[in-house]
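The sequence shown stops at residue 714 when you use this note's numbering, and every number in between is there. We treat Cβ as the ideally placed atom computed from N, Cα and C, and that holds for glycine. For clarity, every value in this text was computed on a predicted model and none was experimentally measured.
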Amino acid sequence: MRFDSPWRRAASGFGVLLTVALFAAPAAVAQAQDDGVPEVSQTFLIENARIVQAPGRVIDNGHILVEDGLIVAVGTDVTAPIDAHRIAGDSLVVYAGFIDGLSQTGVPQPRSERPPSADDPGNPTAERAGLMPHHSVVDDLVADDKSVDAMRKAGFTVVHAVPYGRMIPGQGAIVALAGDTPSAMTMRPHAATFMQFTGAQGVYPGTPMAMMAQLRQTYREAERRKQVDIEYQRDPNGRTRAMLDPVHQAFFPIIDGDRPVFFNVESTVEIHRALRLQEDLGFPLILGGLGGAAHAMDELKDANVPLFLSLDLPDEPKDKPDSTAATYNADYRAADYDDVEDEANNLKARRQDALEAAYGMAGMMRDEGLDFGFSALDVKAGDIQGHIHTMVEHGLSEDDALAALTTTPARLLGLDGVTGTIDEGKIANLVVMTDSYFSEDAQVKFVFVDGHRFEYETKEKKAASEGDGDSEAEANPQGSWAYTVTLPDGSEINGDLSFSGSPGNYTGTIENDMGSDPSDLDDIEIDGNVMSFSYDSGSYGRIEIEVTLTGDTFDGSLALASMGSFPITGTRTSGPDL
């Protein structure tokens, strides 16, 4: 990245260093020490912490000894070698590393492009039709993709990652969220074949019924070719050799029951379709997503297949129904124009009912006796903890929520022998938090993946009485801002910020005026008219910014741990009121 400019040539060496630190391309850097130097010892002792070994198994003031990537001792009486790095666990809570049953963590989203035209839309190539069962997500993984660090910061240590694509994108893999290369991250390369009801664009199969037909036809043809190949291998004399292609051959492990089909379903009808295919064809099935599961509880119980419930929850609407029409009436119809407002409120009540059903789905499934893990597919990592809190507020117990993050997905994915609980001999996958995961202010402080330690900066929540800002103000950061950072020598760094979204769900970017690529902002929080956010500057660490908003201006400080704090001011250049 170049910073050639009159300012750069005139700036002090300190200013240049800070400029690089502020705007270096972000990277997920595992720093075992504050200075970024790799730790000589990979032995850690977490002391005097509250250890939640599994739901219902808790050790107060306990110790965990980690050596060479494994948990070698857990309890209240643990002796550590002299070279162990000691972590004071007072006031900290330790959980087994969380497990995501279905996501695209570590897989960069491909650029959206118009699909190529097909000479024969009714009989396209397998790739054009979205039939890629032979493709492996391991070929798509990027070890330093920003989604890896984002999920790790959310407490996840292992994910079932799947590729992007249409009907059959390919094979998923069990991936540890640490490692410099895809092969170093991969725990199990052929975990499942990922399928979804996403039709091909402009060619067959593009409709749900066409996809059902295509899957049946491909599966049956794979069975036939497999049998022909078996007979040929047994006695080739006088037999024509089976013509094996990668698409049909990729179904052989599924036919043998050695590889499950992981179907992501987003509605009740898709649940029924996936279960019908499994009943007709007999393959091992896992269901993810589970939109509309409230209307398929009996079918899910009868099927007795592994389930991974989506962590994607709808946002709370701003325009709630009036209290006089808080209950939806399915038979209500507006008689004339005077009743239009009542009809609108009735429809808002219907939406509110659907919202409450989505929030309460996890609790309902547990009440029905269904075990499930969680799926983070299409969910922002930063939203996960809040969404789980919402599920707990709507009927899911804390123990059941913790099980869905740890022990249940470990069992359903066949990982319970190596992870999912804090026990001797298991992989050192740990989440160390400042408080109970279900506390509103709980933050992740450390994450261990395969015994590698990742440290995250935590913030103390400011009390409203501190006087910084107006707790009654309703600050709105939406829009674009021009900002200036003033350095100790009087020189300045200028750039642009942008914010979009809604309260509790803001996103943003930051860039300088020297042609750098924008960096995504994390942890955007607003308390009254005080806003804080951060971003990863790469090897220089995390940049923390806190400002006080006053109309269309702000002032505050920018903090870089290795260099100190610097004043930052800003002016809104575009937005709702400009």
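Would you kindly work out how many angstroms separate the C-alpha atoms of residue i and residue j, rounded to a whole number?
i, j, result
"Thr684", "Asp656", "20 angstroms"
"Pro654", "Phe508", "38 angstroms"
"Ser670", "Asn648", "15 angstroms"
"Ser248", "Val202", "44 angstroms"
"Val311", "Tyr300", "16 angstroms"
"Pro344", "Gly225", "53 angstroms"
"Val165", "Pro257", "Note on Val165: pLDDT 36, under 50, position unreliable in the model; the coordinate value appears next. The alpha-carbon atoms of Val165 and Pro257 are separated by roughly 46 angstroms."
"Val295", "Ile235", "6 angstroms"
"Pro318", "Arg324", "11 angstroms"
"Ala611", "Thr686", "8 angstroms"
"Thr707", "Met500", "48 angstroms"
"Val364", "Asp255", "31 angstroms"
"Glu402", "Gly315", "32 angstroms"
"Arg193", "Thr689", "51 angstroms"
"Ala600", "Glu661", "Confidence at Ala600 is low in this model, with a pLDDT of 43, below 50, so the placement of that residue is unreliable and no value is reported for it."
"Leu411", "Leu436", "9 angstroms"
"His221", "Ala695", "27 angstroms"
"His271", "Ser239", "16 angstroms"
"Glu615", "Phe635", "Contrary to the premise, residue 615 reads as Gly rather than Glu in this sequence. Their Cα atoms are separated by approximately 5 angstroms."
"Leu267", "Pro305", "7 angstroms"
"Asp519", "Ala432", "27 angstroms"
"Ser673", "Val554", "34 angstroms"
"Ala297", "Val188", "26 angstroms"
"Pro442", "Pro703", "53 angstroms"
"Glu602", "Tyr642", "Model confidence at Glu602 stands at a pLDDT of 45, short of 50, so the residue's coordinates are unreliable and nothing is read from them."
"Ile390", "Phe330", "11 angstroms"
"Ile646", "Gly631", "7 angstroms"
"Asp451", "Lys362", "48 angstroms"
"Asp438", "Leu423", "13 angstroms"
With DSSP collapsed to three states, give me the class of residue i.
i, result
"Glu203", "strand"
"His530", "coil"
"Ala461", "In this prediction, Ala461 has a pLDDT of 49, which is less than 50 and means its spatial position is unreliable; what the coordinates show is noted afterwards. In this structure, Ala461 counts as helix in the three-state DSSP scheme."
"Arg547", "helix"
"Asp519", "helix"
"Glu263", "helix"
"Leu685", "strand"
"Leu436", "helix"
"Tyr495", "helix"
"Ala695", "strand"
"Glu402", "coil"
"Leu181", "strand"
"Gln488", "helix"
"Asp448", "coil"
"Glu479", "helix"
State yes or no: is the C-beta of residue i within less than 8 angstroms of the C-beta of residue j?
i, j, result
"Ala232", "Ile524", "no"
"Gln307", "Ala328", "yes"
"Met527", "Ala480", "no"
"Gly531", "Thr542", "no"
"Gly237", "Leu538", "no"
"Glu560", "Ala279", "no"
"Ala190", "Val230", "no"
"Met303", "Thr241", "no"
"Pro260", "Tyr340", "yes"
"Arg678", "Glu593", "yes"
"Val274", "Ala309", "yes"
"Gln332", "Asn440", "no"
"Phe130", "Ile200", "The first residue shown for the chain is 137 and the last is 714, placing residue 130 beyond what the model contains."
"Asn197", "Thr215", "no"
"Thr354", "Phe387", "yes"
"Ser572", "Ala564", "no"
"Phe292", "Leu277", "no"
"Ala540", "Phe510", "yes"
In the DSSP assignment, the alpha helix (DSSP H) including residue i goes from what residue to what residue?
i, result
"Gln385", "Pro382 to Gln385"
"Ser627", "Note, Ser627: premise wrong, no alpha helix (DSSP H); not H, not E."
"Tyr355", "Pro344 to Arg370"
"Lys595", "Neither: Lys595 is in no alpha helix (DSSP H) and is coded neither H nor E."
"Ile390", "Phe388 to Ile391"
"Ala286", "Lys282 to Lys289"
Looking at the secondary structure, which residues open and close the beta strand (DSSP E) in which residue i lies?
i, result
"Ile422", "Leu421 to Gly425"
"Phe333", "Premise fails: Phe333 is in no beta strand (DSSP E) and is neither H nor E."
"Tyr231", "Val229 to Ala232"
"Ser319", "No beta strand (DSSP E) holds Ser319; the alpha helix (DSSP H) holding it covers Pro318 to Met321."
"Gln307", "Gly306 to Ala312"
"Glu661", "Asp658 to Asp663"
Can you find a CB in chain B that lies within less than 8 angstroms of the CB of residue i?
i, result
"Gln579", "Given the protein chain composition of this structure (a single chain), no chain B is represented."
Using 7 angstroms as the cut-off, classify the Cβ of residue i as near or not near the heavy atoms of the ligand GDP, replying yes or no.
i, result
"Asp571", "No copy of the ligand GDP appears in this structure; indeed no ligand is present at all."
- Is the number of C-beta pairs between the region 417-428 and the region 393-402 that are closer than 8 angstroms three or more? These segments touch.
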